Amino acid sequence: MSHVSFYRKWRPKTFDEVIGQERVTRTLQNAIRANRVVHAYLFAGHRGTGKTTTARILAKALNCAQGPTPTPDNTCPNCEAITAGYSVDVIEIDAASNRGIEEIRELRDRIRLAPTEGRYKVYIIDEAHMLTTEAANALLKTLEEPPEHAVLILVTTEPHRLPPTILSRCQRFDFRRVSQKELIARLRRIATTEGFSIDDRALAIITASADGSVRDAESVLDQLAAFAEGPITAQDVLTVLGILEEETALRFADAIIARGVIDCLSLVNQVVSEGKDVRQVIRTILDHFRDLLVAKTGDRSEELLDTTEARLKALQAQAARAPLEDILRALNMLVATEAEARWSPQPRLLLEIALIRLCRPEMDPTLEGLRARLQALEQRLGSEPVTDQPQLSPRTPTRDEPKAEAATTPMVAVVEDDPPSLSIAIDEVRRSWAR
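The sequence shown begins at -5 in the working numbering and counts up by one.
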């Protein structure tokens, strides 16, 4: 039998097995108990957080032989058919590949038919934001007035791309990112059941890179189980994922804070020689400075930073040494660098330029660089901070005040003698009058 990936093998089959979404699962269970199930749902949220899984569990809860029940037994023919994916009453549609108006018209024709085996006909439209405008408009009437036996569940990672007319017709549930603590507990349980060991630091790296996605974390664990020949270590995770380890991110930040250009460039050379993805390196350094900002500005940073206790202490110690202005400037610079590197064929060069500008403000032509140079000049001269207030013009003296006498320069009249030729000519004219 072929290998079944962990994220499929360990897919939750009941509401209680879904982690990190207690608010959503509790609301759905209470609605089933009170017979208040609506005809249209919208499940929105980050990738890999259980949206499609919860939609399937809801379909089982409605069509279970013991139901409708908030706890489907997963043993009746209806539940088994839905779990295996061949139930004729639960239809999943990938809107990314079936996004046109013809597919939606076909759905409208089929949804009128009564369910064959269960109580409800459940349509799960995955990636609903990929529907064309015409297809979304064609779905409006069905969403507003569906048959009594029909339930539509729209699943999307980008709800803002759906028309407001669609959003207003659905009961919306937002799925949050799963916390690192919950992910670590789940991965540890999977590893124990599957019969291999993994250290705590490796679990911390996996869950941090998963960014709150259960599916991503389980996929990486599955890959590592095939890669490692013994217990899975942190080095195995770094090798497989090609990501920057926490200690190296701390060293990058220390070098930037200390304005060590050579140290920064040496670290870049090191991570490139190790085969790290430079774009991922930029992203990791950016995330590290974001965590530094939180640790710097808040006394309750442990509540805002989803990380391990050891890393939290390291962040707080580093934040105490770093000026807030430097952290903000680094964040602005790294955000711009990440955006440029996304499409650039030379991401390493962009990272090196950004690091040099961060360490040498005099080489940074941006407004942030100018501000950093002014601050450095103020510190060197011991002057007061530069203010943006305009200087006052000199005061005009009042009427009672004596005006300052204007300094005058004595004027000397300079009289030049008439040229000799001119006086002789006049005498000649006078003599001619006497004649």
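The beta carbon of each residue, even a glycine, is placed where N, CA and C say it ideally should be.
This structure is a prediction, so every number in the text was calculated from the model and none was measured.
Exercise for review: Within its chain, find whatever has a CB closer than 7 Å to the CB of T65; leave out the 5 residues flanking it on each side and keep chain order.
Suggested key: Excluding residues within five positions, the ones whose Cβ falls inside 7 Å are T8.
Review point. When the Cα atoms are used, what is the spatial distance from T46 to T21?
Key: Their Cα atoms are separated by approximately 16 Å.
Exercise for review: Give the DSSP-derived three-state secondary structure of D194 in the structure shown.
Suggested key: Reduced to three states, the DSSP call for D194 is helix.
Exercise for review: Please look up how many angstroms separate the CB atoms of D230 and A222, rounded, as I've assumed it's under 8 Å.
Suggested key: So it is a contact: roughly 5 Å between Cβ atoms.
Review point. If you compare alpha carbons, which of D194, A130, Q60 is closest to L161?
Key: Closest by alpha carbon: A130.
Check your understanding: Are at least three pairs of beta-carbons, each pair with one atom in the stretch 342 to 359 and one in the stretch 255 to 272, less than 8 Å apart?
Key -> Touching, yes.
Practice item. Please classify K290: is it buried, with 16 or more other beta-carbons within 10 angstroms of its beta-carbon, or exposed? Key: Counting the other Cβ atoms within 10 Å of the Cβ of K290 gives 16 or more, which makes it buried.
Point to revise | Alpha-carbon spacing of I13 relative to L235, whole angstroms | key: For I13 and L235, the distance between alpha carbons rounds to 24 Å.
Exercise for review: Say whether the stretch 70 to 77 touches the stretch 137 to 144, bearing in mind that this needs 3 or more beta-carbon pairs closer than 8 Å, one atom from each stretch.
Suggested key: No: fewer than three Cβ pairs fall under 8 Å.
Practice item. Just tell me which of R277, L259, V265, Q312 has its CA closest to the CA of L287. Key: Per the Cα distances, Q312.
Review point. What distance in whole Å lies between the Cβ atoms of A249 and T150, which are believed to be in contact at a cut-off of 8 Å?
Key: T150 to A249, Cβ: 42 Å. No contact.
Review point. To the nearest angstrom, how far is it from the Cα of S(-1) to the Cα of A211?
Key: In this structure, the CA atom of S(-1) is about 12 Å from the CA atom of A211.
Review point. Mapping DSSP to helix, strand and coil, what is T449?
Key: Outside the shown range of the chain (-5 to 429) lies residue 449, about which nothing can therefore be said.
**Study point:** C-alpha gap between Q274 and D83, whole angstroms
**Key:** Our two residues, Q274 and D83, have alpha carbons roughly 43 Å apart in a direct line.
Review point. Where does H154 land, buried or exposed, given buried means 16+ other C-beta within 10 angstroms?
Key: By the 16-neighbour rule on beta-carbons within 10 angstroms, H154 is exposed.
Point to revise | Contiguous beta strand (DSSP E) assignments of at least 3 residues, all confined to the stretch 147 to 235 | key: Runs of the beta strand (DSSP E) inside the stretch 147 to 235: 165 to 169.
Practice item. Return the CA-CA distance between L498 and D320, expressed in angstroms with no decimal places. Key: Here the chain comprises residues numbered -5 to 429, so residue 498 is not present and cannot be evaluated.
**Study point:** First and last residue of the uninterrupted beta strand (DSSP E) at L36
**Key:** 34 to 39 is the extent of the beta strand (DSSP E) around L36.
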